Amino acid sequence: MAVLTARRGVSVPQGVRDLALTALTPLTWGSTYAVTTEFLPPGRPLFTAAMRALPAGLVLLAATRVLPRGAWWWRAAVLGLLNIGAFFPLLFLAAYRLPGGIAAVLGAVGPLFVLAFAALLLTERPTVRKLLAALTGLAGVGLVVLRADARMDVLGLLAGLAGAASMAAGTVLTKRWGRPEGVGPLGLTAWQLTAGGLLLVPLTAFVEGPPPALDGPAVGGYLYLGAVGTAAAYWVWFRGLSRLPATSAAFLPLLSPLSAAVIGWAALGQALTPLQLLGMTLALGGTLAGQWSGGPRRRAVPAPAATVRRSA
Numbered sequence: 003m004a005v006l007t008a009r010r011g012v013s014v015p016q017g018v019r020d021l022a023l024t025a026l027t028p029l030t031w032g033s034t035y036a037v038t039t040e041f042l043p044p045g046r047p048l049f050t051a052a053m054r055a056l057p058a059g060l061v062l063l064a065a066t067r068v069l070p071r072g073a074w075w076w077r078a079a080v081l082g083l084l085n086i087g088a089f090f091p092l093l094f095l096a097a098y099r100l101p102g103g104i105a106a107v108l109g110a111v112g113p114l115f116v117l118a119f120a121a122l123l124l125t126e127r128p129t130v131r132k133l134l135a136a137l138t139g140l141a142g143v144g145l146v147v148l149r150a151d152a153r154m155d156v157l158g159l160l161a162g163l164a165g166a167a168s169m170a171a172g173t174v175l176t177k178r179w180g181r182p183e184g185v186g187p188l189g190l191t192a193w194q195l196t197a198g199g200l201l202l203v204p205l206t207a208f209v210e211g212p213p214p215a216l217d218g219p220a221v222g223g224y225l226y227l228g229a230v231g232t233a234a235a236y237w238v239w240f241r242g243l244s245r246l247p248a249t250s251a252a253f254l255p256l257l258s259p260l261s262a263a264v265i266g267w268a269a270l271g272q273a274l275t276p277l278q279l280l281g282m283t284l285a286l287g288g289t290l291a292g293q294w295s296g297g298p299r300r301r302a303v304p305a306p307a308a309t310v311r312r313s314a
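The sequence shown begins at 3 in this note's numbering and counts up by one.
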């Protein structure tokens, strides 16, 4: 009995392990700001988005050697557009036009969009607890990143909201469609990154022109973003989406601006105020509350004794 109790004490449920692993993705995404500002050429958001997506997608495609079939050709294109091809440019456009971290606050609206889309496309109905958790997380992110001198920009606001909606729709559709039989999360990641990257290349050439000259730090920054911040991160993310409820996974991106703030404090010498620390606490609390499904699980009712005797 003592041995069994000890084993139960140290074991970690599979759902908790999946949640913890999936949370590594937004924590990794939080490093994007520091890498972009410190190592990459300025003013090239679309080129950066294309460099993140297409090389990583092609490498994963070559590694998996699996192509879509049937309906998955257009499904992969839709998911690649929502999660990569549209989300990346909208995210960068909002970040460039909205100072003071307002873009991060708009991104934190994502859980509310996911709750709405999940109610329409999945059987995951929003609860009051989930709505309160989303609003708490949104308020916490606002305390972390907002500044008093931040000025609004209509185009930036629309881009930020559209980016959050695009990622939310991609999250819910990824959950709804799942994966074709025999294709793992790595293959699905390869399809989406390749599709999104191919959509970004002509847009980048049209808007930004020829690629910029790259020095050593820029090459290293792009390698990090492509390998760690995109290929590995999205593989873990799509793996998690296949195992977690969409309305639970939707709260995890709230960790991204918290990670960016901590990296800015630790690596770039940026100060953290007491108000920001309070915001981190609220955002983390909203993220954790968003994982709570609420309602106890129903226990299986044992069959009546008479039925058992008949079956025997």
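Heads up, the beta-carbon is just placed ideally off N, CA and C, and yes, glycines get one too.
Note that the coordinates shown come from a computational prediction; the quantities given were computed from them, not determined experimentally.
Residue range of the alpha helix (DSSP H) that includes residue i
i           : result
residue 126 : First-last for residue 126: undefined, no H or E at that position.
residue 258 : 257 to 269
residue 375 : Residue 375 lies beyond the stretch modelled for the chain, which goes from 3 to 314, so this question has no answer here.
residue 294 : Element bounds for residue 294: n/a, residue is neither H nor E.
residue 204 : 187 to 210
residue 178 : 156 to 179
residue 66  : 47 to 66
residue 16  : 16 to 31
residue 96  : 89 to 99
residue 249 : 248 to 251
residue 235 : 235 to 243
residue 72  : From DSSP, residue 72 is part of no alpha helix (DSSP H); its letter is neither H nor E.
residue 219 : 218 to 228
Cα-Cα separation, residue i to residue j
i           : j           : result
residue 63  : residue 84  : 19 Å
residue 107 : residue 72  : 39 Å
residue 3   : residue 21  : Only weak support is given to the placement of residue 3: the predicted model assigns it a pLDDT of 43, under 50, and the value that follows is read from those uncertain coordinates. Each residue's alpha carbon lies about 30 Å from the other.
residue 273 : residue 267 : 6 Å
residue 127 : residue 114 : 12 Å
residue 43  : residue 96  : 18 Å
residue 245 : residue 238 : 11 Å
residue 137 : residue 31  : 22 Å
residue 278 : residue 139 : 13 Å
residue 194 : residue 201 : 11 Å
residue 52  : residue 81  : 16 Å
residue 257 : residue 203 : 29 Å
residue 160 : residue 166 : 10 Å
residue 280 : residue 213 : 42 Å
residue 74  : residue 236 : 18 Å
residue 89  : residue 55  : 11 Å
residue 70  : residue 57  : 18 Å
residue 27  : residue 230 : 9 Å
residue 131 : residue 218 : 48 Å
residue 93  : residue 221 : 22 Å
residue 291 : residue 129 : 12 Å
residue 155 : residue 99  : 7 Å
residue 179 : residue 265 : 35 Å
Presumed contact (8 Å Cβ cut-off) between residue i and residue j, rounded CB distance
i           : j           : result
residue 78  : residue 116 : Not really, about 21 Å apart at Cβ, beyond 8 Å.
residue 289 : residue 253 : 5 Å
residue 233 : residue 177 : The Cβ separation is near 21 Å, so there is no contact.
residue 285 : residue 146 : 7 Å
residue 123 : residue 174 : 5 Å
residue 240 : residue 205 : Actually they do not touch by this definition, with Cβ atoms about 23 Å apart.
residue 163 : residue 34  : At roughly 20 Å, the Cβ-Cβ gap does not stay under 8 Å, so residue 163 and residue 34 are not in contact.
residue 255 : residue 112 : 6 Å
Local Cβ density within 10 Å of residue i, reported as buried at 16 or more and exposed below that
i           : result
residue 208 : exposed
residue 40  : exposed
residue 86  : buried
residue 125 : exposed
residue 259 : buried
residue 293 : buried
residue 48  : buried
residue 67  : exposed
residue 275 : exposed
residue 134 : exposed
residue 199 : buried
Top-ranked residue by Cα proximity to residue i, from the options
i           : options            : result
residue 45  : 234, 211, 269      : 211
residue 23  : 176, 251, 213, 184 : 251
residue 158 : 91, 69, 119        : 91
residue 118 : 168, 76, 16        : 168
residue 225 : 26, 38, 264, 19    : 38
residue 18  : 269, 242, 275      : 242
residue 287 : 181, 192, 264, 143 : 143
residue 185 : 29, 50, 65         : 65
residue 188 : 76, 59, 263        : 59
Min CB distance residue i to chain D below 8 Å
i          : result
residue 16 : Structure shown: chain D not included; a single protein chain is present.
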